[in-house]
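Read in order, the letters of the sequence shown are residues 475 to 802 in the numbering used here. What follows is one structure encoded as structure tokens, with my remarks underneath.
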Amino acid sequence: MMKKFINNPDNITAELLEGMCMAYSQKVTLDGKLVCRANPKSEDKVAIVTLGGTGHEPALQGWVGDGMIDVCAAGDVWAAPGPPTLLSALEKVNRDAGILLVTLNHAGDVMSAKMAKQMASMKGIKVNEILTTEEIRPTEEEEGRGLGGCFFIYKICGAAAEQGKSLEEITALAEKINSQMATIAVLSELATHPSTGGVCGTLGDDEMEICAGQHGEGGGVVMPMATSKETAELLAGKIITKLGLTEGDEIVLCIGGSGKTTVMEQLIAYRDAAKFFESKGIKAVRGLAEEILTVQEAGGYQMMALKVDDELKTLWDAPCNTPYYTVG
């Protein structure tokens with residue numbers, strides 16, 4: 475039986491967005507299903523826009539604010555917003571400096587982004603898009619979905635936009651990040667859809683699934699439940715292979731809880747992963763261990779890594795002020 479403190483399931487998205495913008499009114503405002511910066515940046519600077527379904531809080535709308543996202547077009551729970559909603563977001567920040575649209579690789583988001591871009595082009599709105607595909611899949615032939623690694627792009631490209639870099643420079647930076655990041659998810663317990671109560675997927679009591687995606691979509695690799703160290707080393711090893719990391723490389727390492735995984739578990743997982751990377755001569759020079767992109771009460775986490783250089787580290791450290799992530 476699903477037990478959640480909600481009201482009418484039909485109103486979940488509207489109420490959670492309203493609640494967030496009420497709680498963080500100095501940082502964000504609400505315009506329908508658009509979560510917007512309360513303090514818009516100068517129009518001579520590139521805007522950062524993104525889209526995605528709700529139910530993954532703090533992602534994505536929780537990162538709207540100074541130094542990160544300008545507008546997030548929110549959809550219903552685990553559903554992409556329609557093209558008209560995204561078009562409204564692009565129109566809201568239309569400017570000569572242009573817009574970077576960050577799209578996670580999920581069918582609904584990709585379709586909405588494609589249609590909204592076409593409509594925006596007809597209106598003379600200048601938009602460059604980056605499609606995040608950083609998920610590690612069971613085989614190299616499978617295209618990666620966009621998981622929590624989008625956070626790297628929002629943070630770093632948002633900082634570059636604040637510094638006044640051009641749309642071309644910021645697009646190139648986003649492409650660089652996209653090519654140097656990887657995310658792999660592990661699922662230990664299933665989530666329920668808050669509107670329907672339906673359980674997402676199947677998983678045995680003594681099983682876990684790697685390459686599990688964000689919603690328990692299946693298609694990953696199911697195996698016996700393992701210890702934190704065993705799991706972290708398995709995931710970290712796959713990231714090393716994916717990114718071709720070698721001795722002397724530096725990374726930003728993030729452990730993002732899926733909703734039910736405790737802070738204790740996230741910190742232990744971070745420790746185990748960081749030590750494994752260190753044993754290979756790879757240093758985690760920056761990091762996070764907290765809920766980043768959740769799936770209701772799903773157990774497990776996403777391990778995210780970005781290979782960094784001095785430029786990326788400087789932008790990562792730049793100030794930002796959003797409801798769920800603040801620097802400086």
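Built from N, CA and C at the ideal position, the CB exists for glycine as well.
Let me check understanding here. Comparing Cα to Cα, which of the options lies closest to residue i?
i, options, result
"Ala548", "His530, Thr715, Gly541 and Glu565", "His530"
"Glu724", "Thr736, Lys781, Ala587 and Leu762", "Lys781"
"Asn652", "Met589, Gln535, His689 and Phe626", "Phe626"
"Ile684", "Ile610, Glu643, Cys674 and Ala633", "Ile610"
"Ala563", "Phe750, Glu771, Leu762 and Ile522", "Ile522"
"Asp784", "Lys749, Lys597 and Ile630", "Ile630"
"Gly526", "Arg569, Gly539 and Leu575", "Leu575"
"Glu616", "Gln637, Lys650 and Asn579", "Asn579"
"Pro612", "Thr735, Gly694, Leu727 and Trp790", "Gly694"
"Thr524", "Lys515, Val538 and Ala512", "Val538"
"Glu699", "Asp679, Gln688 and His689", "According to the sequence as given, residue 699 is Met; it is not Glu. Met699 has its Cα closest to that of Asp679, out of Asp679, Gln688 and His689."
"Ser833", "Cys624, Val601, Gly623 and Glu608", "Residue 833 lies beyond the residue range present for the chain, which begins at 475 and ends at 802; the question has no answer from this structure."
"Gly623", "Met697, Pro558, Lys478 and Ile729", "Ile729"
"Asn513", "Glu649, Glu636, Met778 and Thr528", "Glu636"
"Ser516", "Thr577, Gly638, Val502 and Leu560", "Gly638"
"Lys650", "Gln688, Glu608 and Arg760", "Glu608"
"Thr559", "Ala648, Asp518, Cys510 and Pro532", "Cys510"
"Met593", "Pro557, Gly582, Leu508 and Tyr628", "Pro557"
"Leu561", "Leu508, Trp790 and Gly536", "Leu508"
"Gln688", "Thr528, Glu489 and Asn482", "Thr528"
"Ala855", "Val673, Ile604, Gly672 and Gly671", "Because the chain spans 475 through 802 in this model, residue 855 falls outside it and cannot be assessed."
"Arg760", "Tyr628, Leu789, Glu492 and Thr736", "Leu789"
"Asp791", "Lys501, Gly632 and Val502", "Gly632"
Can you give the beta carbon distance from residue i to residue j, rounded, assuming they're within the 8 Å contact cut?
i, j, result
"Thr487", "Val545", "The pair is not a contact, with the Cβ atoms about 16 Å apart (cut-off 8 Å)."
"Val660", "Gly774", "5 Å"
"Ala665", "Glu765", "The Cβ separation is near 13 Å, so there is no contact."
"Gly767", "Leu621", "The question names Gly, but residue 767 is Leu in the sequence shown. Rounded, the Cβ-Cβ distance is 7 Å, consistent with contact."
"Gln776", "Thr657", "5 Å"
"Ile543", "Ile573", "Contact doesn't hold; Cβ gap of about 11 Å is too wide."
"Ala686", "Ala710", "Rounded, the Cβ-Cβ distance is 16 Å, inconsistent with contact."
"Ala422", "Val520", "Since the first residue shown for the chain is 475 and the last is 802, residue 422 is missing from the structure and cannot be characterised."
"Glu643", "Ala634", "7 Å"
"Leu786", "Ala758", "Not confirmed; about 14 Å, so no contact."
Work out the CA separation of residue j and residue i for me, nearest whole Å.
i, j, result
"Ile714", "Glu704", "15 Å"
"Ser586", "Ser753", "43 Å"
"Ala554", "Arg745", "35 Å"
"Tyr799", "Ser595", "32 Å"
"Glu681", "Ser662", "7 Å"
"Ala743", "Leu762", "11 Å"
"His667", "Gly618", "23 Å"
"Thr720", "Lys566", "44 Å"
"Ser499", "Phe750", "41 Å"
"Gly731", "Ser669", "22 Å"
"Thr701", "Met655", "25 Å"
"Thr796", "Leu534", "11 Å"
"Met475", "Asn568", "46 Å"
"Leu677", "Gly722", "39 Å"
"Leu504", "Asn485", "15 Å"
"Val812", "Ile480", "Because the chain is modelled from 475 through 802, residue 812 falls outside the range shown and cannot be assessed."
"Gly733", "Glu739", "12 Å"
"Gly675", "Lys597", "42 Å"
"Pro793", "Lys477", "38 Å"
"Gly506", "Met496", "14 Å"
"Gly755", "Ala779", "15 Å"
"Leu708", "Asp518", "45 Å"
"Gly671", "Pro483", "10 Å"
"Met697", "Gly582", "30 Å"
"Val737", "Gly802", "23 Å"
"Ala706", "Lys712", "10 Å"
"Leu490", "Glu614", "38 Å"
"Glu492", "Thr735", "26 Å"
"Val673", "Lys501", "34 Å"
"Lys588", "Pro532", "25 Å"
When DSSP builds the beta bridges, which residues end up paired with residue i?
i, result
"Thr606", "Leu578"
"Met777", "Ile658 and Ile729"
"Val601", "Ile573"
"Thr666", "Val673"
"Val801", "Cys794"
"Glu724", "Lys757"
What are the uninterrupted segments assigned as alpha helix (DSSP H) that are 4 or more residues long and contained completely in the region 671-707, given in chain order? none
List, from N- to C-terminal side, the beta strand (DSSP E) runs of 3 residues or more that fit wholly inside the region 496-563. Within the region 496-563, the complete beta strand (DSSP E) runs of at least 3 residues are 502-505, 508-511, 521-528 and 545-551.
List in chain order: all unbroken beta strand (DSSP E) runs of 3+ residues lying wholly within the region 751-775. Whole beta strand (DSSP E) segments, 3+ residues: 757-765.
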